[in-house]
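Count along the sequence shown from 1, add 34, and you get the number used in our numbering.
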Amino acid sequence: MEDTSFLFAGIKFDKKRFANDFEKFKERKVSKALEVNPDLVDNPINEVEKGTISIKKRKRKSMNGGSVEGFSVFKSANSANDSKQNEDEEEPSERKEIFRQLERDALLRKKHNIHICGSNVPSPLQSFEDLSTRYRCKPYLLRNFAELGYTEPTPIQRQAIPVLLSGRECFACAPTGSGKTMAFICPILMKLKHGLKGGVRAVVLCPTRELAAQTTRECKKLAQGKKFYIKLMTKELSRSADFSKVPCDILISTPLRLEFAIRKRKLDLSRAEFLVLDESDKLFELGFMKQIDFVVKACSNPSVIRMLFSATLPDTVEDLARTLMHDAVRIIVGKKNTASQLVKQKLVFAGSEEGKFLALRQSFAESLNPPVLIFVQSVERAKELYRELAFSDIKVDAVHTDLSQAQRENAVDNFRAGKTWILIATDLVARGMDFKGLNCVINYDFPESASTYIHRIGRAGRAGRAGEAITLYTEDDVPYLRNIANVMSESGCEVPSWIMSMPKAKWKKYRPMRDSISCVTNDAN
Ligand SMILES: Nc1ncnc2c1ncn2[C@@H]1O[C@H](COP(=O)(O)OP(=O)(O)OP(=O)(O)O)[C@@H](O)[C@H]1O
Numbered sequence: 035m036e037d038t039s040f041l042f043a044g045i046k047f048d049k050k051r052f053a054n055d056f057e058k059f060k061e062r063k064v065s066k067a068l069e070v071n072p073d074l075v076d077n078p079i080n081e082v083e084k085g086t087i088s089i090k091k092r093k094r095k096s097m098n099g100g101s102v103e104g105f106s107v108f109k110s111a112n113s114a115n116d117s118k119q120n121e122d123e124e125e126p127s128e129r130k131e132i133f134r135q136l137e138r139d140a141l142l143r144k145k146h147n148i149h150i151c152g153s154n155v156p157s158p159l160q161s162f163e164d165l166s167t168r169y170r171c172k173p174y175l176l177r178n179f180a181e182l183g184y185t186e187p188t189p190i191q192r193q194a195i196p197v198l199l200s201g202r203e204c205f206a207c208a209p210t211g212s213g214k215t216m217a218f219i220c221p222i223l224m225k226l227k228h229g230l231k232g233g234v235r236a237v238v239l240c241p242t243r244e245l246a247a248q249t250t251r252e253c254k255k256l257a258q259g260k261k262f263y264i265k266l267m268t269k270e271l272s273r274s275a276d277f278s279k280v281p282c283d284i285l286i287s288t289p290l291r292l293e294f295a296i297r298k299r300k301l302d303l304s305r306a307e308f309l310v311l312d313e314s315d316k317l318f319e320l321g322f323m324k325q326i327d328f329v330v331k332a333c334s335n336p337s338v339i340r341m342l343f344s345a346t347l348p349d350t351v352e353d354l355a356r357t358l359m360h361d362a363v364r365i366i367v368g369k370k371n372t373a374s375q376l377v378k379q380k381l382v383f384a385g386s387e388e389g390k391f392l393a394l395r396q397s398f399a400e401s402l403n404p405p406v407l408i409f410v411q412s413v414e415r416a417k418e419l420y421r422e423l424a425f426s427d428i429k430v431d432a433v434h435t436d437l438s439q440a441q442r443e444n445a446v447d448n449f450r451a452g453k454t455w456i457l458i459a460t461d462l463v464a465r466g467m468d469f470k471g472l473n474c475v476i477n478y479d480f481p482e483s484a485s486t487y488i489h490r491i492g493r494a495g496r497a498g499r500a501g502e503a504i505t506l507y508t509e510d511d512v513p514y515l516r517n518i519a520n521v522m523s524e525s526g527c528e529v530p531s532w533i534m535s536m537p538k539a540k541w542k543k544y545r546p547m548r549d550s551i552s553c554v555t556n557d558a559n
């Protein structure tokens, strides 16, 4: 990754907003180290949330034996005297209550496999009711959750929502299909005043138009009943809108269209209070870097809250985020960069390209359980495979970047509606797309990287449902098997021991030359 330190440059330090942090640089008396609100005993949770408590005491293990993260909550206590003195000064009942709360938080996080890093991290949500009692969430939002069948928050929602509601920036990594979209939309809806004039106040960036459209729909569903102006940045809007006249609270866009609108249509983002980078590791790849930098600078409000969400968070992106975001909280659900445990993963040796096609046809003949999503490595191969399958009785379609916007939308909509049983796709739809009820993902072509594998197979096994993923491989793919096998074993799938004993190959953007599918099928016939 290229040097990205220019990102987030020009963001001014807001002394008022970061008064608490500013305060830390001033000299302090030890006796001030524990700032406990006198009301704390009555309402300990709220005070922990407000971050007014700073406990100079390190506690390495929870009562349950699990590790307790949040290094500043349990600030390093090099000086035993400091903590001793604090302990002497604190009211025992207050102190006990604070620790009880911290303990409850740690246990809840442990139960849901939530790992956090950051100072004074707010308590995770026990339930959606916490949103009302702790944050005065309006009833319409809870009604919408119920309408959508959300009975309890997912782990990422439990932690990310309170973090964002307390005005903290965050970078979050949670498995595919675990409800990250709602985790960033909910706090935005709760914090923003709706229907205001005066410009965009929340920006959500997604790497593809398909994902931007889906996120817009999700956002509108969650905002049902409140007059929020939620806009998807379409080509038309980015080319011809007079943004000073377009009411817009929340704007959802791909980086290219947004950059275009800012440059050519004078779209003003200086009042944005929230900036979401969804699928953030993808957005930090070279192709998007300049546009992201431009958008980040355009969101020049010093109080803007920036957040990064993805199911994969490479160390490079994480390091970058850590150095550039202010007092951000890191939230990881489960293990970083692992596949969803809900997906049963299988590797199938097909020998050659011809073998892959035969294996596919055979699996359809034996047990086609639609809908099925098939990934190939290029537009050309998507077209080829489509041609080979289109004449069978199977309802099949393809989606890739060589189609018009309308054709792309149709392909996705028909698949969602069950009109198409099999969708052949490039990695265009590998990230973020939520195809409800998708049973099976087939990697017809071996994925180009471990993160692509994780995102591709994550189209199945979403929102608590089980799914299946089959990866076909040929002799040529064998050197890269171990990389996939690692992901599989990390997420609890069985992998043959001979694969695990293979060396791990270095790979990046693995897209080998393959025999054309049409040639191999002609041979096969
Ligand atoms: N609290 C909840 N309870 C039940 N279902 C939920 C809840 N929150 C979200 N969902 C549903 O879970 C599914 C997956 O959510 P979402 O698309 O946000 O996943 P994601 O974590 O962003 O996945 P990806 O990494 O693939 O982008 C959606 O269908 C969504 O409606």
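Beta carbons: idealized from backbone N, C-alpha and C, even for Gly.
- If we call anything under 8 Å between Cβ atoms a contact, is Tyr-478 one with Leu-506? Result yes, Cβ atoms of Tyr-478 and Leu-506 sit closer than 8 Å.
- Query: Using the C-alpha atoms, what's the distance from Leu-175 back to Gln-258?
  - Reply: Straight-line spacing of the CA atoms in Gln-258 and Leu-175 works out to 8 Å.
- heavy atom of ligand 1 below 7 Å from Leu-182 C-beta: Correct: Leu-182 has its Cβ closer than 7 Å to ligand 1.
- Task: Can you tell me which of the three DSSP states Gln-193 falls into?
- Result: The three-state reading of DSSP puts Gln-193 in helix, counting H, G and I together.
- For Lys-540 and Thr-435, the rounded distance between their alpha carbons: Distance between the alpha carbons of Thr-435 and Lys-540: 28 Å.
- 7 Å Cβ shell around Ile-264 - same chain, five flanking residues per side excluded: The beta carbon of Ile-264 sits closer than 7 Å to the beta carbons of Thr-250, Cys-253, Lys-254, Ala-257, Asp-283, Ile-284 from its chain, once the five residues preceding and following it are set aside; these are given in chain order.
- Message: Can you tell me which residues fall inside 5 Å of ligand 1, judged by beta-carbon distance to its nearest heavy atom, and keep chain order?
- Response: This criterion selects Tyr-184, Thr-188, Thr-210, Gly-211, Ser-212, Gly-213, Lys-214, Thr-215, Met-216, Ala-345, Gly-466, Asp-468, Gly-492, Arg-496, Ala-497.
- Query: Considering only the beta carbon of each residue, do Glu-387 and Thr-486 sit closer than 8 Å?
  - Reply: No.
- Item | Helix, strand or coil at Asn-147 according to DSSP, with G and I counted as helix | Asn-147 falls in the coil class under three-state DSSP.
- To the nearest angstrom, report how far apart Leu-347 and His-489 are at their CA atoms. Between Leu-347 and His-489, the C-alpha separation is close to 12 Å.
- Which of helix, strand or coil does DSSP assign to Leu-227? One detail in the question is off: residue 227 reads as Lys in this sequence, not Leu. Three-state result, Lys-227: coil.
- Would you mind giving the Cβ-Cβ distance between Asn-448 and Val-406, rounded to the nearest angstrom? I have them listed as a contact below 8 Å. So it is not a contact: roughly 14 Å between Cβ atoms.
- Query: Going by the CB atoms, is the gap between Gly-492 and Gly-211 shorter than 8 Å?
  - Reply: Gly-211 places its beta carbon less than 8 Å from that of Gly-492.
- Give me the Cα-Cα distance between Ser-314 and Leu-342, rounded to the nearest whole angstrom. Going by the C-alpha atoms only, they are around 5 Å apart.
- Query: Just to confirm, are Glu-502 and Lys-378 a CB contact at a threshold of 8 Å?
  - Reply: Using a Cβ distance threshold of 8 Å, Glu-502 and Lys-378 count as a contacting pair.
- In three-state terms, what does DSSP make of Asn-267? Before going further, note that residue 267 is Met rather than Asn in the sequence given. DSSP places Met-267 outside both helix and strand once states are collapsed to three, so it counts as coil.
- Would Ile-195 pass as a contact of Phe-391 if the rule is Cβ separation under 8 Å? No.
- Message: Here's a check: name, in chain order, each residue in its chain whose Cβ is nearer than 8 Å to the Cβ of Gln-325, leaving out the five neighbours to either side.
- Response: Answer for Gln-325: Pro-289, Leu-290, Leu-292, Glu-293, listed in chain order.
- DSSP on Phe-560, reduced to helix/strand/coil? Residue 560 lies beyond the stretch modelled for the chain, which goes from 35 to 559, so this question has no answer here.
- First through last residue of the beta strand (DSSP E) which encompasses Ser-166: DSSP places Ser-166 outside any beta strand (DSSP E); the residue lies instead in the alpha helix (DSSP H), whose first and last residues are 163-169.
- Item | Contact the segment 302-314 vs the segment 331-339: 3+ CB pairs below 8 Å | Touching, per the Cβ criterion.
- Query: Just to confirm, are Phe-162 and Ile-222 a CB contact at a threshold of 8 Å?
  - Reply: No, the pair does not count as a contact, with Cβ atoms beyond the cut-off.
- Taking only the alpha-carbon atoms, compute the straight-line gap between Ile-219 and Ile-148 and give it to the nearest angstrom. Their backbone Cα atoms lie some 20 Å apart in a straight line.
- Message: Below 8 Å, how does it come out for the segment 508-524 and the segment 394-404: are there three or more Cβ pairs, yes or no?
- Response: Result no; under three Cβ-Cβ pairs closer than 8 Å.
- With distances taken between CB atoms, is the gap from Gln-592 to Ser-525 smaller than 8 Å? One cannot answer for residue 592 here, as it falls past the ends of the chain, which runs 35 to 559.
- For Arg-450, which residues of its own chain have a beta-carbon under 8 Å away from its beta-carbon, when the five flanking residues on both sides are left out? Only Phe-469, Lys-470 meet the Cβ criterion.
- Message: Measuring only the C-alpha atoms, how far is Arg-129 from Pro-513?
- Response: Rounded to whole angstroms, the gap between the alpha carbons of Arg-129 and Pro-513 is 57 Å.
- Message: Quick check: the Cα distance between Ser-101 and Leu-142, rounded to an integer number of angstroms?
- Response: Since pLDDT at Ser-101 reaches only 31, below the 50 mark, its modelled position is unreliable, and the value read off the structure follows with that caveat. Rounded to the nearest angstrom, the two C-alpha atoms are 12 Å apart.
- Query: Across which residues does DSSP place Thr-505 in a beta bridge pair?
  - Reply: Paired residue(s): Leu-381, Asn-477.
- Item | Residue from Ala-464, Asp-461, Val-463, Ala-445 whose Cα sits closest to the Cα of Trp-455 | Closest by alpha carbon: Ala-445.
- Query: Looking only at DSSP bridge pairs, what is Leu-309 linked to?
  - Reply: Residue pairing by DSSP places Leu-309 opposite Val-237, Arg-340 in a beta bridge.
- Message: Taking DSSP's pairing of strands, which residues face Cys-204 in a bridge?
- Response: DSSP lists Met-341, Val-363 as the bridge partner or partners of Cys-204.
- Task: Assign Leu-407 to one of three DSSP states: helix, strand, or coil.
- Result: Annotated three-state conformation of Leu-407 is strand, per DSSP.
- Cβ-heavy atom distance, Val-512 to ligand 3, below 7 Å: Because ligand 3 does not appear in the structure shown, any question about it cannot be addressed here, the ligands present being ligand 1.
- Message: Using the three-state DSSP reduction, which class does Ala-497 fall into: helix, strand or coil?
- Response: Here Ala-497 sits in coil by DSSP.
- What three-state label does DSSP hand Ser-157 in the structure shown? Ser-157 carries a coil assignment under DSSP once its states are collapsed to helix, strand and coil.
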